Structures are given as C-alpha cells and as structure tokens.
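Visitor: Numbering (this note's numbering), first residue to last: 1498 to 1777.
1) Going straight from the alpha carbon of residue 1514 to that of residue 1539, what length do you get?
2) Just to confirm, are residue 1672 and residue 1755 a CB contact at a threshold of 8 Å?
3) Exposed or buried, which one is residue 1524 when buried takes at least 16 other CB atoms within 10 Å?
4) At the level of alpha carbons, what is the spacing between residue 1528 and residue 1626?
5) Counting beta carbon pairs with one atom in the stretch 1643-1658 and one in the stretch 1591-1607, are three or more of them shorter than 8 Å?
6) Could you name the residues of the same chain whose beta carbon sits closer than 6 Å to that of residue 1584, not counting the 5 residues immediately before and after it, in chain order?
7) Which two residues bound the contiguous alpha helix (DSSP H) that contains residue 1754?
8) Please go through the stretch 1539-1569 and give each complete beta strand (DSSP E) segment of 3 or more residues, from N-terminal end onward.
9) For the structure I just gave you, are there three or more beta carbon pairs, one from the stretch 1605-1621 and one from the stretch 1558-1567, closer than 8 Å?
10) Taking only the alpha-carbon atoms, compute the straight-line gap between residue 1571 and residue 1609 and give it to the nearest angstrom.
11) Can you list, in chain order, the residues of its chain whose CB lies under 8 Å from that of residue 1631, leaving out five sequence neighbours each side?
12) Quick one: measure Cβ to Cβ for residue 1605 and residue 1680, integer angstroms, because I've assumed they're closer than 8 Å.
13) Does residue 1660 come out as helix, strand or coil in the three-state DSSP assignment?
14) How should residue 1746 be labelled, buried or exposed, when 16 other C-beta atoms within 10 angstroms of its C-beta is the threshold for buried?
15) Can you check which of these residues, 1769, 1692, 1759, is closest to residue 1734 by C-alpha distance?
16) Which residue from 1730, 1520, 1639, 1547 puts its Cα closest to that of residue 1573?
17) Quick one: measure Cβ to Cβ for residue 1675 and residue 1683, integer angstroms, because I've assumed they're closer than 8 Å.
18) Determine, using beta carbons only, whether residue 1661 and residue 1578 come nearer to each other than 8 Å.
19) Cα separation between residue 1638 and residue 1776?
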C-alpha cells in the first residue's frame, strides 16, 4: 500500500515547486523586526504568495492540541498545529517569524515532491522552515498525532518531528548529516537553522527567539546586523549550544547510538496517550 501511495504522490506533485510561504503571528501587534523579516522574504522571492495565519483566520477545530493552545493563548504551541496543517492543506513553505532568509527559496526547487527540512542540532531536527507539497504522508501522520498529546503537556515541534522520524521513517539515522529517501530530504543544520561560518552559504538563519517561553516579551533577540563580527559571535554561540545539546538533549542517546551505526527508538510514552498516535 505504501508503494502505491508513493507512486501516486510522486506522480502528482513532482512538476513544480509550490511558491507559497505560510507564517503565523498571534496575540499582539507584529514587532518591526518581524515586518522587516516578511518584507525581506518577499524581496528575495517576488513570485511567491505570502500567507499570514492568525487567531482570526484559522480553524484548528479538528486538533485537540491546537484547541487547547488557542484557549490558553499559548501562541508558540498554537503555531505547532498550524505548521503541518497548512502544508498538508495547501503545500509550500512554512517559515517561523524569527527566521532570516539569506537566499531565495527557489534554490530548493530541484525536489518539489519531497518534504524538505534540516537539523536544528546534530541530535534534533529543526522545524523553523519546512517545505512540502500538499497531503505529504509524513506531515499527515505528524498532524494526526497532535490529537493524542497528553493533556497539559506542551512538547515543542522539534520533539514531535524528531521522534516521528526516529520511530517511523525507515532507514532514517539521527546523525546530524544530510539524508534523503523517496519522501523527504533533510539538510545540515547550517542550511536552515544555524549560521554557517560563511554567512552566504546558508539559505536561512533561525534566531530562536522562543515565543513559547514564559520569559518571552515579544521583543526579538536579533538586530538584523550582517557585520562579520556580529555573524561570527552568533556562529560561535550556536556551536556552543549544539555541543551542549548533544550531551543533554532528550534525543542524545539516539544520536550517540547512530554515531556507532546503531538505531534505537525514542520512547514516546511520555508524550502521547496511545502507543499508536499516527495514521499509518
């Protein structure tokens, strides 16, 4: 059955990239830095449609996690439902509001039928920028799983995606390296999430402002400076955080096993109310 789905899926969505950018902003007036970010996306991608999703134009009634997030005004977690939902429904790119684009997104147009994403750390996938055609099977699975997250538990999307890939995607190895199969293409952490030592070598930088955290005050923690010194400081800071993550991150055991050529599953019993939260 999966082979038949794969044939149909590849045939339908292998023609051209979907030139649409989805992003979210909830609960307050957008800061100027976000407005400038969105303007930059449009300048780099003038033929793309940009769609803003907010509390007035979304419908997350099908998804329990999203309903809880909306009711409790946990905007950062509400985004985590919208992220896969809009890509499943419409396809295109999803981009976090604190992502700074460096290169046009058309550089990724050689595999328009694949889910495209990157690592955040060597031991965890990133979700700040995603591309997918509509009805991608991995995203359908992940979106479905949001109905089974334990009440009052708020896992970040990186956890949900990384756990899914470790446990459900055949032959995937969590080793921080680029990887591809018939459904997905995963890039290095310097492609979308972290600054590359040579700034222009990346497609984007995720500034990790942490809107889901209690101490978040709607002020984004970056100035937009592109000076060499500023970039070098960001690069060094993210390298340090990556090193620490490989030691203490929840996926560290899976990563360390992968470096030895072994695969171990991630225990999802602490996240979901069922052992089978996916559609397939």
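Using N, Cα and C, we set each Cβ at its ideal position, and we do this for glycine too. All of these numbers come straight from a predicted model, not from anything done at the bench.
Guide: By the coordinates alone:
1) 16 Å
2) yes
3) exposed
4) 20 Å
5) no
6) 1591, 1629, 1636
7) 1749-1756
8) 1546-1550
9) no
10) 32 Å
11) 1510, 1515, 1584, 1585, 1586, 1587, 1588
12) That pair is no contact at about 15 Å.
13) helix
14) buried
15) 1692
16) 1520
17) 6 Å
18) no
19) 5 Å
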